[in-house]
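Everything below concerns the one structure shown next.
2 protein chains.
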Amino acid sequence: MNTTDVAIIGGSAAGLAAATTLMRRYPEKRISLIRNVTQTVVPCGIPYVYGTLGAVNKNIIPDNQFRDAGVNIITKHVNVIDRDNKVVEFDDGETLGYDKLILSTGSKPFLPPIDGVDLTNVFCIHKDPAHLQTILDALNPAQNVVVIGGGFIGVEMAEQIARMESRPAHIRLVEMLPHCLMTACEEEYCVVAEKELEREGVEVMTNCQVKAIHGDSGVQTVELADGRQLDADVVVIGIGAAPNIELAERSGIACDARGGVKVSRTLQTSDPAIYAAGDCAEKFSFFNGEPSAIRLASIAASEGTIAASNLYADTQRETLGALGAFATKVGTRSIAAAGITTQAAKQQNLDVVIGEAVASNMHPGSLPNAIADMRVKLIFERQTGRLLGGHVCGGDSSAELANAIAVAVQAQLTANDLSLMQYATHPLLTASPVMYQLMVAAENALIQL
Amino acid sequence: MNTTDVAIIGGSAAGLAAATTLMRRYPEKRISLIRNVTQTVVPCGIPYVYGTLGAVNKNIIPDNQFRDAGVNIITKHVNVIDRDNKVVEFDDGETLGYDKLILSTGSKPFLPPIDGVDLTNVFCIHKDPAHLQTILDALNPAQNVVVIGGGFIGVEMAEQIARMESRPAHIRLVEMLPHCLMTACEEEYCVVAEKELEREGVEVMTNCQVKAIHGDSGVQTVELADGRQLDADVVVIGIGAAPNIELAERSGIACDARGGVKVSRTLQTSDPAIYAAGDCAEKFSFFNGEPSAIRLASIAASEGTIAASNLYADTQRETLGALGAFATKVGTRSIAAAGITTQAAKQQNLDVVIGEAVASNMHPGSLPNAIADMRVKLIFERQTGRLLGGHVCGGDSSAELANAIAVAVQAQLTANDLSLMQYATHPLLTASPVMYQLMVAAENALIQL
Numbered sequence: 001m002n003t004t005d006v007a008i009i010g011g012s013a014a015g016l017a018a019a020t021t022l023m024r025r026y027p028e029k030r031i032s033l034i035r036n037v038t039q040t041v042v043p044c045g046i047p048y049v050y051g052t053l054g055a056v057n058k059n060i061i062p063d064n065q066f067r068d069a070g071v072n073i074i075t076k077h078v079n080v081i082d083r084d085n086k087v088v089e090f091d092d093g094e095t096l097g098y099d100k101l102i103l104s105t106g107s108k109p110f111l112p113p114i115d116g117v118d119l120t121n122v123f124c125i126h127k128d129p130a131h132l133q134t135i136l137d138a139l140n141p142a143q144n145v146v147v148i149g150g151g152f153i154g155v156e157m158a159e160q161i162a163r164m165e166s167r168p169a170h171i172r173l174v175e176m177l178p179h180c181l182m183t184a185c186e187e188e189y190c191v192v193a194e195k196e197l198e199r200e201g202v203e204v205m206t207n208c209q210v211k212a213i214h215g216d217s218g219v220q221t222v223e224l225a226d227g228r229q230l231d232a233d234v235v236v237i238g239i240g241a242a243p244n245i246e247l248a249e250r251s252g253i254a255c256d257a258r259g260g261v262k263v264s265r266t267l268q269t270s271d272p273a274i275y276a277a278g279d280c281a282e283k284f285s286f287f288n289g290e291p292s293a294i295r296l297a298s299i300a301a302s303e304g305t306i307a308a309s310n311l312y313a314d315t316q317r318e319t320l321g322a323l324g325a326f327a328t329k330v331g332t333r334s335i336a337a338a339g340i341t342t343q344a345a346k347q348q349n350l351d352v353v354i355g356e357a358v359a360s361n362m363h364p365g366s367l368p369n370a371i372a373d374m375r376v377k378l379i380f381e382r383q384t385g386r387l388l389g390g391h392v393c394g395g396d397s398s399a400e401l402a403n404a405i406a407v408a409v410q411a412q413l414t415a416n417d418l419s420l421m422q423y424a425t426h427p428l429l430t431a432s433p434v435m436y437q438l439m440v441a442a443e444n445a446l447i448q449l
Numbered sequence: 001m002n003t004t005d006v007a008i009i010g011g012s013a014a015g016l017a018a019a020t021t022l023m024r025r026y027p028e029k030r031i032s033l034i035r036n037v038t039q040t041v042v043p044c045g046i047p048y049v050y051g052t053l054g055a056v057n058k059n060i061i062p063d064n065q066f067r068d069a070g071v072n073i074i075t076k077h078v079n080v081i082d083r084d085n086k087v088v089e090f091d092d093g094e095t096l097g098y099d100k101l102i103l104s105t106g107s108k109p110f111l112p113p114i115d116g117v118d119l120t121n122v123f124c125i126h127k128d129p130a131h132l133q134t135i136l137d138a139l140n141p142a143q144n145v146v147v148i149g150g151g152f153i154g155v156e157m158a159e160q161i162a163r164m165e166s167r168p169a170h171i172r173l174v175e176m177l178p179h180c181l182m183t184a185c186e187e188e189y190c191v192v193a194e195k196e197l198e199r200e201g202v203e204v205m206t207n208c209q210v211k212a213i214h215g216d217s218g219v220q221t222v223e224l225a226d227g228r229q230l231d232a233d234v235v236v237i238g239i240g241a242a243p244n245i246e247l248a249e250r251s252g253i254a255c256d257a258r259g260g261v262k263v264s265r266t267l268q269t270s271d272p273a274i275y276a277a278g279d280c281a282e283k284f285s286f287f288n289g290e291p292s293a294i295r296l297a298s299i300a301a302s303e304g305t306i307a308a309s310n311l312y313a314d315t316q317r318e319t320l321g322a323l324g325a326f327a328t329k330v331g332t333r334s335i336a337a338a339g340i341t342t343q344a345a346k347q348q349n350l351d352v353v354i355g356e357a358v359a360s361n362m363h364p365g366s367l368p369n370a371i372a373d374m375r376v377k378l379i380f381e382r383q384t385g386r387l388l389g390g391h392v393c394g395g396d397s398s399a400e401l402a403n404a405i406a407v408a409v410q411a412q413l414t415a416n417d418l419s420l421m422q423y424a425t426h427p428l429l430t431a432s433p434v435m436y437q438l439m440v441a442a443e444n445a446l447i448q449l
């Protein structure tokens, strides 16, 4: 029987971060990376296959750095993990003995419980190059496309489909909630995203529920709850994902049906030799340790790193808990955040103070391509002054500005801390030092505390 | 006699931050902003007047937000502060009584102690629109330009002069040290900047000392210590600046000849009614509290905010000390940093561990305009793991990424802290979550600790 020191099952963000960490920390260990797809796609890059990149093969994570480091990449389906004998059993009858194992099987897209989701040219998004090519082939001749779900995937897919060379005549984005991106972003930033989508030629239909999808063999229309019928050659569904725990359950590893593979803060599962990381693993909130539904590649990468470190370490590292740090770009605007939203603070009855700032993303604002109104909004706990979340809407540096916020939230800094700090500024790259949004937003909160 | 509640003397970064803070915190106070120039230029924007902006009047900070808030802007030269009577005396004989005063008189450019610095068309950079226009008028017909000094101002001026519509045939940048930007940047990033300058058509002459400047009335040549003569129609000198303490000294406020106006951590001067902020004020190092020569607009903005807050506050805010957070862009590359350099760590005999990471600034790297090698270098104290400094070289998001580092340094975070945090990533805006440079650089340092 073939054996390995560490078997990683699942080759996306968590699995790759685990492999990278093992190569860095335990270069003497034999690593096997098991996946059920021939190539690994860049998960967050999938929408860009359809517009900016124009081809599936431009969105592949190359294997060579792993192969060169001696990682054994196995493209097979795993039937079960025989934990008593520490053996992975593949569906072709082959086996692989392991010493430690990392489960990083990711998530499975939700399907809405409606008629017609099984019609031809109705697609969820799977991280499989062949599947993504099938979607591209269907989109190329399409004239009417309906995207169901206005979260990150739906918004980015709709925006990129609008940039296809063979652009469909009608692209509609259907969202149940009053706004796109509403669970992650501040409401006024959602409005910015919607305006950008409209400008890109996407018809944004919020407060709209889908009742059914109709067609003979192939999709023809999408029926809304209010009776409207939308013509559709292709339907793309992006309404969220559930932890993929099938293998874990089959193998007798403790799972929560909704939350995922049960893990400790060190990411150990109910089997001490097995760790879980990424979308398949249970999440705790950074803020209160309660179960969290946030699933992001940034969390997966962090968890993969922590889980892999812990496999052979005396001192076990612990995850800080799921924060929710993300970024997106819609049209000309980038939107990014870390931590809680105003809406979430209200829902949780938190007593918060909000500081805002707006400044040009370059200074002076007369510089070519300056975005005059790059906004930052910081949400602080009133009693302690502690930063709970921050949101950015503006130029392409929004994501890294959100990372300054992410660091501040995770370091549990206060409005006073942020208001006293010094920040790097430059005419072509940031707001002016006097207007710098993090400092000013913190000051604006501070005077309310 | 006219009176005011707060007199601010000096209208650049520190003075404007002070005025903004007073408007925010003490809206009932009467504010007078005194400056000796008709308009305030964006200080860091000065180099861009010559290339990207093309006009001095595009680099002006508008007064209206201050005037609209009732700030009295006085364009006069101050002779002396009569501190006994709390009166500012102007050179036209007028006076202004004050309750509190903020000194933000900035810095004066150094002149090298060589012959010829007083020749026509030999310029230092003053923050005065009329003066900047004179330089532009001289540069427009120039064929041979020599920039003396390879710090930020010199590098940015040379790069922008190379982008003038009436581009001089020869632009030479003369630097005494082995590299441009060497006191602020990592050596290998200095090399990147030099390559970008060369690509922009600037001849970079390092290890070169200027012996004299020659000409009849107007400059004709620059003579180097090795005897070489460089043709020059215009010479721009940017070799640093000294605190402008003339008024403080004339008014009997305690000063250190090299360090500037003496201040406490609360930025109070030897006169309890007078605070000082910005380039004119003494600086302490963020790291050890020792006198520091770092002078940046980001420090000035922070100090102006702190000083203004303290004027009428029971609880006095204290400056964290000068950190050194900056950013620049040379050609296609942006370079940014916060905290100490490897070179400074060596000079101070600090025992440090360095973690580096390199990744594309977008993911996948096949995206249009991706910069394949965006680098981050983090410098940690070995004994404590504490972050002392970080450096970034890559795309335009470098400055905000350096601000994540700035926050981390000022929050005294460790390599372990940074390696466990989650960061916002997006294909169009950052490296991939698995390769994200802050996390990976921290991990790479951690395995050496």
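The listed protein sequences derive, respectively, from chains A and B. Residue numbering for the first sequence follows UniProt numbering, beginning at 1 and increasing consecutively. Residue numbering for the second sequence follows UniProt numbering, beginning at 1 and increasing consecutively. Don't be surprised by glycine CBs; every beta carbon is placed ideally from N, CA and C.
7 Å CB neighbourhood of residue i in its chain, flanking five on each side removed
| i | result |
| --- | --- |
| Ala19 of chain B | Ile8, Ile31, Leu33, Phe66, Val71 |
| Tyr189 of chain B | Ile335, His391, Cys393 |
Sheet register partners of residue i (DSSP bridge)
| i | result |
| --- | --- |
| His214 of chain A | A:Thr221 |
| Ile274 of chain B | B:Leu101 |
| Arg317 of chain A | Answer is none; Arg317 of chain A lacks a bridge partner. |
| Glu356 of chain A | A:Lys377 |
| Leu136 of chain A | None; Leu136 of chain A has no bridge partner. |
| residue 484 of chain B | Given a span of 1 to 449 for chain B in the structure shown, any question on residue 484 of chain B remains unanswerable. |
| Arg386 of chain B | B:Thr414 |
| Gln448 of chain A | In DSSP, Gln448 of chain A forms no bridge with anything. |
Beta-carbon proximity list for residue i, same chain, < 6 Å, skipping 5 on both sides
| i | result |
| --- | --- |
| Asp351 of chain B | Arg382 |
| Met435 of chain B | Ala359 |
| Thr414 of chain A | Gly385, Arg386 |
| Gln39 of chain A | Ile60, Pro129 |
Beta carbon of residue i nearer than 9 Å to that of residue j
| i | j | result |
| --- | --- | --- |
| Leu311 of chain A | Lys100 of chain A | yes |
| Gly45 of chain A | Leu367 of chain B | yes |
| Ala327 of chain A | Ala411 of chain A | no |
| Val155 of chain A | Pro364 of chain B | no |
| Pro129 of chain B | Ile60 of chain B | yes |
| Ile245 of chain B | Pro109 of chain B | no |
| residue 453 of chain A | Asp396 of chain B | Past the boundaries of the shown model lies residue 453 of chain A; chain A is included only from 1 to 449, so the question cannot be answered. |
| His179 of chain B | Glu194 of chain B | yes |
| Gly324 of chain B | Ala445 of chain B | no |
| Leu177 of chain B | Glu203 of chain B | no |
| Thr95 of chain A | Met1 of chain A | yes |
| Arg375 of chain B | Gly394 of chain B | yes |
| Arg24 of chain A | Ile447 of chain B | yes |
| Glu400 of chain B | Ala442 of chain A | no |
Status (buried if at least 16 other CB within 10 Å, exposed otherwise) for residue i
| i | result |
| --- | --- |
| Glu290 of chain B | exposed |
| Met421 of chain B | buried |
| Gln160 of chain B | buried |
| His77 of chain A | exposed |
| Pro27 of chain A | exposed |
| Asp373 of chain A | exposed |
| Ala322 of chain B | buried |
| residue 517 of chain B | The structure shown does not extend to residue 517 of chain B, since chain B is modelled only from 1 through 449, so no value can be given for it. |
| Ala162 of chain B | buried |
| Ala338 of chain A | buried |
| Gly93 of chain A | exposed |
request  = Evaluate the contact criterion for the stretch 212 to 219 of chain B versus the stretch 426 to 434 of chain A: three or more CB pairs, one atom per stretch, below 8 Å.
outcome  = Contact check between the stretch 212 to 219 of chain B and the stretch 426 to 434 of chain A: fewer than three CB pairs, one atom from each, fall below 8 Å, which does not count as touching.
query = Any chance the stretch 278 to 288 of chain B sits against the stretch 137 to 156 of chain B, with 3 or more Cβ pairs inside 8 Å?
reply = Output reads no: the stretch 137 to 156 of chain B does not touch the stretch 278 to 288 of chain B.
ask   = Pairing CB atoms from the stretch 294 to 307 of chain B with CB atoms from the stretch 339 to 358 of chain B, are three or more of them under 8 Å?
value = Verdict: no, contact absent.
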